[in-house]
Amino acid sequence: MKGWEEDRALAKALNEIEKGDPPLWLPEERRSNASDSWVIGVTGSPGVGKSTLVGGLVDLLLSEEHEVGVLAVDPTSPFSHGAFLGDRIRMQQNSLHPNLFIRSVGSHDCVGGLSESIFDMVCAMEAYQKKYIIIETVGAGQSDLDIMYIADCILLVLSPGSGDEVQIYKAGIMEIADIYAINKSDLPGIEKMVRDIQELLMAEHSNEPWKRKLICTQALRKKGIQDLWASIQDHQRIMRQSEKANRKRELRDRKHLEAILQQKIKQRLEQVPKDLYPSFHEHMATCMDTWYAKISREGEKV
Amino acid sequence: MDRRIRVLVGKPGLDGHDRGAKVIARSLRDAGMEVIYTGLRQTPEMIVRAALQEGVDVIGLSILSGAHLRLCERIIGLLREHQQDLPVFVGGIIPQEDIKLLKEMGIIEVFGPGTPTIQVIDKIREVVAV
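Read top to bottom, the protein sequences are chains D and H. The numbering of the first sequence is the numbering used here, which starts it at 5 and goes up by one. The numbering of the second sequence is the numbering used here, which starts it at 148 and goes up by one.
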């Protein structure tokens with residue numbers, strides 16, 4: 005059966021990445037394919053319909069014979085370090101399609117809505133010639149923004165009834181979207197939400213080549229998915245024409261390097277024997293006392 | 148970095164009751180495992196492909212429909228065909244006389260109703276540690 009053989013190799017690479025042991029061939033192998041790939045980040049609050057929307061997009065992409073990879077991130081428990089990864093459930097229709105690879109990922113210790121190994125995982129998908137790579141973040145809060153460092157296109161999924169227009173003007177996640185998808189657009193409150201976001205978009209005076217778009221969808225009924233896909237393609241074309249796409253990739257490489265360094269530092273810290281900590285705490289306490297004393301002395305002088 | 152034990156919890160066949168599967172999935176999560184839940188009404192092909200893509204260490208199947216012999220035979224067959232020698236557990240309503248048949252087929256363990264979840268957790272840890 006076509007597809008299964010490659011799946012096994014890609015799954016093995018992803019397992020090695022999760023073990024903190026990325027295959028060394030990855031960066032080179034990837035470079036030759038990376039220029040063809042397009043990474044779509046799908047983010048938004050829990051329950052707005054990200055997975056269902058991704059499922060709809062996947063079906064459309066497969067019908068156009070693209071190679072598709074999905075990385076679906078769900079939260080890891082801060083208590084047990086376990087996870088319940090349930091995004092696959094919404095992506096069933098083509099789960100046996102040879103051109104589709106879905107991988108569920110726990111967020112582990114990462115706080116930005118993704119997982120620390122996500123950069124390596126995207127590289128692995130590129131090395132296995134996935135043309136469209138869709139990353140679904142955890143149900144995101146206003147400042148879960150890491151997706152902006154990795155995706156070429158960011159899709160923010162919203163749904164009616166999630167606050168008044170003040171929420172729309174807040175900084176953070178609302179700013180990073182390239183495309184807003186208002187899902188569950190059959191629910192009450194949709195007209196107002198569309199109006200508010202249109203106002204937000206009209207008030208924008210940027211010199212960016214891409215003007216942000218708003219699409220209404222009903223993922224469960226497969227409505228609006230075609231429009232969404234058309235917008236994603238428009239965005240891709242404009243970003244590539246304007247060289248902006250290249251600059252985003254440079255940013256991604258830099259962030260990838262940072263992530264590798266952070267992981268290395270973390271691994272080193274984990275190697276510090278635990279019995280060193282008590283003396284370390286004592287040392288810290290002394291330092292803090294000295295600092296606070298110094299600050300208050302300086303304060304008295306003024 | 149320690150990789151967590153990854154478990155695929157699957158519901159093959161046509162029964163539409165996944166309370167048990169969810170209870171198990173949650174207990175495994177609380178025991179520090181990463182659980183991928185497939186949802187209801189999966190074919191053996193869907194389960195094996197998901198297990199392969201997800202790179203899991205163990206598969207747990209929940210079956211209440213009575214079709215456990217056919218479903219497990221097919222799943223074990225597909226796993227072998229794709230050289231995925233993964234341990235498979237079964238939970239659900241399984242008649243006593245079929246447990247032996249399932250084990251002969253290659254199913255590691257069968258957990259009936261009322262099994263303490265710690266027993267499932269311990270067994271998974273034991274099998275994965277080998």
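For every residue, glycine included, the Cβ atom is placed at its ideal position computed from N, Cα and C.
Contact set for residue i: own chain, Cβ-Cβ below 7 Å, skip 5 residues either direction
i: D/T56; result: R94, A223, L224
i: H/R176; result: V182
i: H/V274; result: V205, P234, I255
i: D/P26; result: E20, D124
Range of the contiguous alpha helix (DSSP H) that encloses residue i
i: D/W8; result: 8-22
i: H/T264; result: 264-276
i: H/V195; result: 191-201
i: D/I67; result: According to the sequence displayed, residue 67 of chain D carries Ser and not Ile. From DSSP, the alpha helix (DSSP H) with D/S67 extends over 54-67.
i: D/C157; result: Element bounds for D/C157: not the alpha helix (DSSP H) but the beta strand (DSSP E), 157-162.
i: D/F87; result: The residue you asked about is not Phe; residue 87 of chain D is Ala in the sequence shown. No alpha helix (DSSP H) holds D/A87; the beta strand (DSSP E) holding it covers 87-89.
i: D/L104; result: Unbroken run through D/L104 is the beta strand (DSSP E), 104-110; no alpha helix (DSSP H).
i: D/I93; result: Careful: D/I93 lies outside any alpha helix (DSSP H) and carries neither H nor E.
i: D/V198; result: 194-206
i: D/I180; result: 177-180
Own chain, CB closer than 6 Å to residue i, minus 5 neighbours either side, in chain order
i: D/N98; result: D63, L66, L104
i: D/L75; result: R107, V109, M125, I139
i: H/I241; result: H215, V257
i: H/T264; result: S174
Spatial neighbours of residue i in its chain, beta-carbon cut-off 8 Å, leaving aside the 5 residues before and after
i: D/M5; result: The pLDDT assigned to D/M5 is 45, lower than 50, so where the model puts this residue is not dependable; a value taken from the coordinates is nonetheless given after this. Only P102 meet the Cβ criterion.
i: H/G179; result: R151, I152
i: H/V203; result: R153, V154, L155, I183, L233
i: D/M243; result: D156, C157, P213, W214, A249, K252
i: D/Q202; result: L218
i: D/Q266; result: E120
Residue i classed as buried or exposed, judged by whether at least 16 other C-beta atoms fall within 10 angstroms
i: D/E309; result: Examination of residue 309 of chain D is not possible in this model, given that chain D is present from 5 through 306 alone.
i: D/A297; result: exposed
i: D/G116; result: buried
i: D/K268; result: exposed
i: D/D113; result: exposed
i: H/A168; result: buried
i: D/W8; result: buried
i: D/V170; result: exposed
i: D/A15; result: buried
i: D/T80; result: buried
i: D/C220; result: buried
i: D/E304; result: exposed
i: D/S210; result: exposed
i: D/D40; result: exposed
i: H/Q243; result: exposed
i: D/P164; result: buried
i: H/P260; result: exposed
i: D/Y173; result: exposed
i: D/D168; result: exposed
i: D/E69; result: exposed
i: D/K23; result: exposed
Residue range of the beta strand (DSSP E) that includes residue i
i: D/V170; result: First-last for D/V170: 169-173, but that is the alpha helix (DSSP H), not the beta strand (DSSP E).
i: D/A185; result: 183-186
i: D/G45; result: 42-47
i: H/S209; result: 205-210
i: H/R166; result: Where H/R166 is concerned, there is no enclosing beta strand (DSSP E), although the alpha helix (DSSP H) it sits in stretches over 166-177.
i: D/C114; result: Premise fails: D/C114 is in no beta strand (DSSP E) and is neither H nor E.
i: H/R217; result: It is not in any beta strand (DSSP E) - H/R217 instead sits in the alpha helix (DSSP H) that spans 215-228.
i: H/R153; result: 153-157
i: D/V126; result: Here D/V126 belongs to no beta strand (DSSP E); instead the alpha helix (DSSP H) covers 122-131.
i: D/I219; result: 217-220
i: D/D78; result: 72-78
i: D/I264; result: First-last for D/I264: 248-275, but that is the alpha helix (DSSP H), not the beta strand (DSSP E).
Chain C contact residues for residue i, given Cβ-Cβ distances below 9 Å
i: H/R151; result: In summary, chain C is missing from the structure at hand, where the protein chains are D and H.
(request) Output, in sequence order along the chain, the residues in the stretch 157-182 of chain H whose CB is closer than 8 Å to any CB in chain D. (result) A172, R173, L175, R176, D177, A178, G179, M180, E181, V182
(request) Could you say if the stretch 41-61 of chain D and the stretch 126-137 of chain D meet the contact criterion of at least three C-beta pairs nearer than 8 Å? (result) yes
(request) Could you list the residues in the stretch 181-198 of chain H with a C-beta less than 7 Å from some C-beta on chain D, going in chain order? (result) E181, V182, I183, Y184, T185, G186, E192, M193, R196, A197
(message) What are the residues in the stretch 197-230 of chain H lying within 7 Å of chain D by C-beta distance?
(response) A197, L199, Q200, E201, G202, H229
(message) Short of 8 Å Cβ to Cβ, which residues in the stretch 119-134 of chain D face chain H?
(response) none
(message) Does the stretch 138-155 of chain D come into contact with the stretch 239-259 of chain D, if we say contact requires no fewer than three beta-carbon pairs (one atom in each stretch) closer than 8 Å?
(response) yes
(request) May I ask you to verify whether the stretch 187-199 of chain H touches the stretch 155-173 of chain H, counting CB pairs closer than 8 Å and requiring at least 3? (result) yes
(message) Assess contact between the stretch 206-213 of chain H and the stretch 221-241 of chain H, defined as three or more Cβ pairs (one per stretch) separated by less than 8 Å. Is contact present?
(response) yes
(message) Please list, in chain order, the residues of the stretch 66-86 of chain D that have any C-beta partner in chain H closer than 7 Å.
(response) S81, S84, H85, G86
(request) Quick one: which residues of the stretch 242-272 of chain D get their C-beta closer than 9 Å to a C-beta of chain H? List them in chain order. (result) Q267, K270, Q271
(request) Compile a chain-ordered list of the residues in the stretch 207-232 of chain D whose CB is closer than 7 Å to at least one CB of chain H. (result) none
(message) With a threshold of 8 Å, are at least 3 pairs of Cβ atoms found where one atom belongs to the stretch 277-289 of chain D and the other to the stretch 182-198 of chain D?
(response) no
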